[in-house]
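A.B. asks: Going by the UniProt record's numbering, the sequence shown opens with residue 1, and the numbers climb by one from there. In this text, a Cβ means the ideal position worked out from N, Cα and C, and glycines have one as well. All figures in this text were calculated on a predicted structure; none of them were measured in a lab. I have a structure here, written as structure tokens, and I will follow up with some questions on it.
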Amino acid sequence: MPRCGGSQKVTRVPIRSRLEEYCTSVERIHISALLSAGYGRPVVFLHGNSSSKHVWANQLELICSNGRPVLAPDFPGHGKSGNSSTPASTYSFPGYAAVISGLLDQLRWDCVDLVGWSLGGHVGLELLASEPRIHSLLIVGTPPVRLRPQSLHEAFYADDNMQLAGKPDFSETDTIRYGTALMGGWKHLAPTLLNDIRRTDGNARRWMFSNSLQGIGSDQRHTAENVSKSLCVVHGEKEPFVRLGYLQSLNYRAIWKGKVQVICDAGHAPHWEYPRAFNQILLDFLGYRMHPKKASGIQDLRLQKAAYPSDSG
């Protein structure tokens, strides 16, 4: 497999006018994704724990409309993808990363940019460490950690909401509490986001959390501090899970613009809560220069996309 270089490779596939559902099987698991074709380096969006591909509603059409190929899969155990029959291995950072590598194989993409939120950012860091087809990575709501209790304690706030991240069985109270913490409060919480949490395989939370505590995965801090590929780190000012001080303490080798990008007033999901601010960072990182008139319409996109059909139905 050729190594991902600095120049932008043109990927030529039949052009689709819009994002369409793409269904396939990877590692014997049914995988559902949104896919659009185009020209240039593809952009792959990775969602968070107990979420789905639709959490990127504010970004997918934007990147698609600018001509880049886009892929946004549901991880196993999430959204429309199937549950794993081998949860202990699949529901881990390396397990999810293997699924993404399998998708790249099927699409014959040999150089991509990754955008990962929360769990998706951890999977992105796993790929950045081992997958030569990754050109760059933007992470949001994700601390690059060593998978050891001390490092996890340094990177994350320890509270009741954080404990829900690894709880297999959710009550309705758990669903609402976790959803509001994930998405920056009740005002940002569309009903379908709650459905994503309800649908998630409880084993996905259980094993992801357990595997992380057992050190199953790469040393993400080492990756962030040593890999030469561009890494953009985005953080919400009111982030409830991740410590900004930890993010700023790392000795990054190739952090974009030399510092962590902090979005004012945002919580754990800046891409959903404040899409205009997030998308300006995203477009800049991907090499776009957005016209101010186009940027003015981004903020309204979240409200329009909040009514997408439920995956659970």
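Less than 8 angstroms between the beta carbons of P42 and V112, yes or no?
C.D. replies: Their beta carbons are under 8 angstroms apart, which means P42 touches V112 by this criterion.
A.B. asks: Closest by CA to S89, which one among A37, I263 and A204?
C.D. replies: With distances taken between Cα atoms, S89 lies closest to A204.
A.B. asks: Counting pairs of Cβ atoms below 8 angstroms between the segment 39-58 and the segment 189-198, do you hit three or more?
C.D. replies: Counting Cβ pairs under 8 angstroms, three or more are found: they touch.
A.B. asks: Within the chosen definition, does the segment 167-176 reach the segment 261-268 through at least 3 CB pairs nearer than 8 angstroms?
C.D. replies: No, the segment 167-176 does not touch the segment 261-268.
A.B. asks: Quick check: the Cα distance between H188 and P275, rounded to an integer number of angstroms?
C.D. replies: Taking the straight line from one Cα to the other gives about 12 angstroms.
A.B. asks: Are P191 and G236 closer than 8 angstroms when you measure CB to CB?
C.D. replies: No, Cβ-Cβ distance for P191 and G236 is not below 8 angstroms.
A.B. asks: Should S118 and G48 be called a contact, given that it needs their Cβ atoms to be closer than 8 angstroms?
C.D. replies: Closer than 8 angstroms, so yes.
A.B. asks: Could you check where the alpha helix (DSSP H) with Q220 kicks off and where it finishes?
C.D. replies: Unbroken alpha helix (DSSP H) run through Q220: Q220 to N226.
A.B. asks: Using the DSSP secondary-structure output, state which residues sit across from A72 in a beta bridge.
C.D. replies: Per DSSP, L34.
A.B. asks: From I216, G141 and L247, pick the residue whose C-alpha is nearest to that of A181; which is it?
C.D. replies: Of the candidates I216, G141 and L247, the one whose C-alpha sits nearest the C-alpha of A181 is G141.
A.B. asks: How should G38 be labelled, buried or exposed, when 16 other C-beta atoms within 10 angstroms of its C-beta is the threshold for buried?
C.D. replies: G38 is buried by the Cβ-count criterion.
A.B. asks: Which partner residues does L138 have in the DSSP bridge list?
C.D. replies: DSSP, once it has assigned bridges, lists V115 and C232 as partnering L138.
A.B. asks: Is the Cβ-Cβ distance between L46 and L114 less than 8 angstroms?
C.D. replies: Their beta carbons are under 8 angstroms apart, which means L46 touches L114 by this criterion.
A.B. asks: Let's test the definition: count the other Cβ atoms within 10 Å of the Cβ of W272 and tell me whether it reaches 16, buried, or not, exposed.
C.D. replies: Result: buried.
A.B. asks: Can you tell me which of the three DSSP states F156 falls into?
C.D. replies: Strand at F156.
A.B. asks: What residues match up with F45 in a beta bridge as DSSP calls it?
C.D. replies: The partner list for F45 (beta bridge, DSSP) reads V115.
A.B. asks: Comparing alpha-carbon positions, which option in K257, K229, G120 and V99 lies nearest V136?
C.D. replies: One detail in the question is off: residue 136 reads as Ser in this sequence, not Val. Comparing Cα-Cα distances from S136 to each of K257, K229, G120 and V99, the minimum goes to K229.
A.B. asks: Below 8 angstroms on the Cβ atoms is my contact criterion, and I expect F209 with G179 to pass it. Report the Cβ-Cβ distance as a whole number of Å.
C.D. replies: About 18 angstroms separates the two Cβ atoms, so there is no contact after all.
A.B. asks: Report the rounded CA-to-CA distance for S212 versus V145, giving the unit in angstroms.
C.D. replies: Between S212 and V145, the C-alpha separation is close to 10 angstroms.
A.B. asks: Considering just the uninterrupted stretch of the beta strand (DSSP E) at Y22, what are its terminal residues?
C.D. replies: It spans E20 to V26 - the beta strand (DSSP E) in which Y22 sits, taken as one unbroken run.
A.B. asks: Please report the Cβ distance between I281 and V234, rounded to the nearest whole angstrom; I am assuming they are in contact, meaning their Cβ atoms lie under 8 angstroms.
C.D. replies: Confirmed, Cβ separation roughly 6 angstroms.
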